[in-house]
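Position one of the sequence shown corresponds to residue 1 (my numbering), numbered consecutively onward. The beta-carbon is built from N, C-alpha and C at its ideal position, and this holds for glycine as well. Here the structure is a predicted model, which is why all the values come from computation and not from measurement. Taking it in order: structure first as structure tokens, then the write-up.
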Amino acid sequence: MGKKSRVKTQKSGSGAAAVVSPKEMMNLISELLQKCSSATPSAGKEWEEYVQIRALVEKIRKKQKGLSIIFDGSREDHFADLLSWARDCGASTDGFTVADFGAEGFGLQATKDIKVEELFLWIPRKMLMTVESAQNSILGPLYSQDRIMQAMGNVTLALHLLCERCCPGSHWLPYVRSLPLEYDTPLYFQQDEVQLLLGTQAIPDVLSQYKNAARQYAYFYKLVQTHPAASKLPLKDSFTFDDFRWAVSSVMTRQNQIPTEDGSRVTLALIPLWDMCNHTNGLITTGYNLEDDRCECVALRDYKENEQIYIFYGTRSNAEFVIHNGFFFQDNAHDRVKIKLGVSKSERLYAMKAEVLARAGIPASCVFALHCNEPPISAQLLAFLRVFCMTEEELNDYLLGEGAINKIFTLGNSEFPVSWENEIKLWTFLETRAALLLKTYKTTTEEDRSLLEKPDLSLHSRVAIQLRSAEKQILEKVSASGRDKRVQFEQKLEEGAPLPRYEESDIALLENSDAEGKLPIILRKLEEAEEEEGAEEDAKEDAEDAKEDAEEDAKEDNRLVNGDKSGEVAEEEEEKFSKDVNSNLDSEEKSVESLKGQKEEANLSASRTEE
């Protein structure tokens, strides 16, 4: 299997490992755990909390300098061992090799022509690092007794990775040695590089990710040092924050879901060799073959000899790529910006609007996406905006009018407007909302372009600026699209153009006729609507109202993009360790949070990045 594995303790710059007493380190760790377990800061105070947590972490890192475990040689030196080990385990290794692709990092390179949909890579279960293999390893006794670990599969994998890294005889050592020494996730950003993300929609998740990682490290450090079941773990002698950050980033960028051996449920796994593939636009081409008990990948397209072999990681935004994978994908066909919209409960027509939305399968308050391509809004968002902008007369028509049930299915179809006035109002709202959101950024798109031209810009700074610039470009496009649509429908109203009418035969054309858009089972019977309070407003007044609504809602979005937790699409709800974790395990088990960004793809979309 190539040269013998040698593990050593990393030396500090002075040539000697740092010296710190166990008591001093435990006091610092306890202080960090307490700080990270305190109440969620009020809106606008998240950055201040991040700076305080980071200062504590840096103090701990300074004390731990020189104590991390590293391998001899460069990462590239271990690829031959990786391929040899994979071959011995029964994986496919013909048809490709590992190569350096410059800015994209290492990836798989075809050594022969590969046809589209050709099965070129399979990885048997014996190669995978899973939660189950962690339970059967030296980590098993601690796993069986710690309910926090049992609730956090991703952290279990991270600790599993660290234990195997410390073991010279580990079955997975060829894989562990092939992993990057560092990553480009925000956990590795300098403070001034993170600061470049302030004002973006990514910043709440970035700050939360760092806080969660620090809290988890503090908790598991204390657990490893004090729990009887951890007495034989190799981590007991060396478990630094840098070690944990590396392991967490390895898992965060690479983990996927696979079925268990009996196929009854799914489990988290790291998939060696396959996770060397870099990302491009396309379709998911990886699955799990239960009969042969192996992960299988077919070619996304035709590859010629010496070309890089890509896979598709999934329909992720660039914010998700930056936070969870550590890279910005320039040609991302699925890039998007989040926007939170909701019908105010204090609005007079709230009950009627909420009912129409419920019949369409849409909540009265929801986070939607504005897309980088055309159309910039989904059928669901179009339906929401139409209901949001409806008059009382229009609401009555969709609730009690002739063919009301069928009309619900037309809400997300751009071919069937509610009225010209309604279209003018909703596109005015969207145009204004996007324009106001642009004002929350501290720089313009032009200023970002100028910054990106600087040759001395760090990689992380470049990624941060690219991300915030991409967000602004999407908002600019949405605002322009809203303006064009508004003008289009104003012209139709002025011309007196007839409204397209829905016919029952048009049902196949509807955009929101999928399972999620169908009628809920229970339809409540509405009480008699209130008497109308005056004539319907004309289109010009509706447009002004839409602007006011957008301005008011944009204030909320401004709080959102600057860290208001209530506006995030949280992958897992925020949860804090109690001050005394060991005495509150029951409550912890119910709501413990994994690191933000460890979003698992059940269809095995790759969740990784290369340097």
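Query                                                                                                           : Result
Three-state secondary structure (DSSP) of Arg271                                                                : Note that residue 271 corresponds to Ile in the displayed sequence, not to Arg. Correct three-state label for Ile271: coil.
For Asp184, the three-state DSSP class (helix, strand or coil)                                                  : coil
CB contact flag (Val337, Ile114, <7 Å)                                                                          : no
Limits of the beta strand (DSSP E) - the one that His614 falls within                                           : Not covered by the structure: residue 614. The range shown for the chain is 1 to 611.
Proximity winner among Val248, Arg294, Asn332 and Phe384, relative to Ala86 (alpha-carbon distances)            : Arg294
Same chain, Cβ closer than 7 Å to Ser583, neighbours up to 5 away in sequence not counted                       : Here the model assigns Ser583 a pLDDT of 33, short of 50, so the residue's position is not dependable and the matter cannot be decided.
Three-way DSSP call (helix, strand, coil) for Arg501 in this model                                              : coil
Minimum length 4: unbroken alpha helix (DSSP H) runs contained in the segment 65 to 152                         : 79 to 88, 131 to 135, 140 to 145 and 147 to 151
Per-residue DSSP class, three states only, for Ala369                                                           : strand
Contacting residues, own chain, Cβ-Cβ under 7 Å from Ala91 (five flanking each side not counted)                : Trp122, Ile123, Pro124, Met127 and Leu273
Glu421 versus Ser481, Thr440 and Val487, residue with shortest Cα-Cα distance                                   : Val487
Within 7 Å, strictly: CB atoms of Phe312 and Ile284                                                             : yes
Validate contact between the segment 407 to 422 and the segment 458 to 471 using beta carbons, cut 8 Å, 3 pairs : no
Beta-bridge partners of His279, as assigned by DSSP                                                             : Ile311
Start and end residues, beta strand (DSSP E) containing Gly649                                                  : The structure shown has nothing for residue 649, since the chain only spans 1 to 611.
Any 3 or more C-beta pairs closer than 8 Å across the segment 162 to 178 and the segment 125 to 145             : yes
Candidates Leu493, Thr240, Tyr502 and Asn281: closest to Leu28 by CA position                                   : Thr240
Assumed close pair Ala247, Leu139 - CB separation to whole angstroms, cut-off 8 Å                               : Going by Cβ atoms, the distance from Ala247 to Leu139 rounds to 12 Å, so no, they are not a contact pair.
Span separating the alpha-carbon of Val176 from that of Arg165                                                  : 6 Å
Of the residues Ser344, Glu453 and Tyr303, the one placed nearest Gln109, counting alpha carbons only           : Tyr303
Neighbourhood of Val116 by C-beta, 6 Å cutoff - its chain only, sequence neighbours within 5 removed            : Ala299, Arg301 and Asp302
Whole-angstrom C-beta distance between Ala470 and Trp335, which should lie under 8 Å                            : Reading the sequence as shown, one finds Asp at residue 335 and not Trp. Contact flag correct, Cβ pair sits at about 6 Å.
Short Cβ contact (7 Å threshold) for Gln308 with Gly107                                                         : yes
Local conformation of Lys3 per DSSP, three classes                                                              : With a pLDDT of 32 at Lys3, under the threshold of 50, the modelled position of that residue is not reliable, and no figure is offered here.
Outcome for Pro376 when other beta-carbon atoms lying within 10 angstroms are tallied against a minimum of 16   : buried
Spatial distance of Ser137 from Ala269 (CA atoms)                                                               : 15 Å
Other residues of its chain near Ile258: CB distance less than 6 Å, five sequence neighbours each side excluded : Ala269 and Tyr288
Anticipated Cβ contact below 8 Å, Ser238 with Ile70, distance rounded                                           : Incorrect: roughly 11 Å between the Cβ atoms, too far for contact.
Collapsed DSSP secondary structure at Ser583 in the structure displayed                                         : The pLDDT assigned to Ser583 is 33, lower than 50, so where the model puts this residue is not dependable; a value taken from the coordinates is nonetheless given after this. In the structure shown, Ser583 sits in a helix (DSSP, three-state: H, G or I).
Backbone secondary structure at Arg615 - three-state DSSP                                                       : Nothing can be reported for residue 615, as the shown portion of the chain is limited to 1 through 611.
Helix, strand or coil at Pro234 according to DSSP, with G and I counted as helix                                : helix
Pro22, enclosing alpha helix (DSSP H) - first and last residue                                                  : Pro22 to Cys36
Beta-carbon spacing of Val224, Lys236 below 7 Å                                                                 : yes
Proximity winner among Ser346, Arg433 and Asp448, relative to Leu385 (alpha-carbon distances)                   : Arg433
Residue burial classification, Asn562 (beta-carbon count within 10 angstroms, cutoff 16)                        : Caution is warranted here: a pLDDT of 35 is assigned to Asn562, below 50, making its placement in the model unreliable, and the coordinate value is therefore given only provisionally. So Asn562 ends up on the buried side.
Boundaries (first-last residue) of the beta strand (DSSP E) holding Gly482                                      : From DSSP, Gly482 is part of no beta strand (DSSP E) but of the alpha helix (DSSP H) over Leu459 to Glu495.
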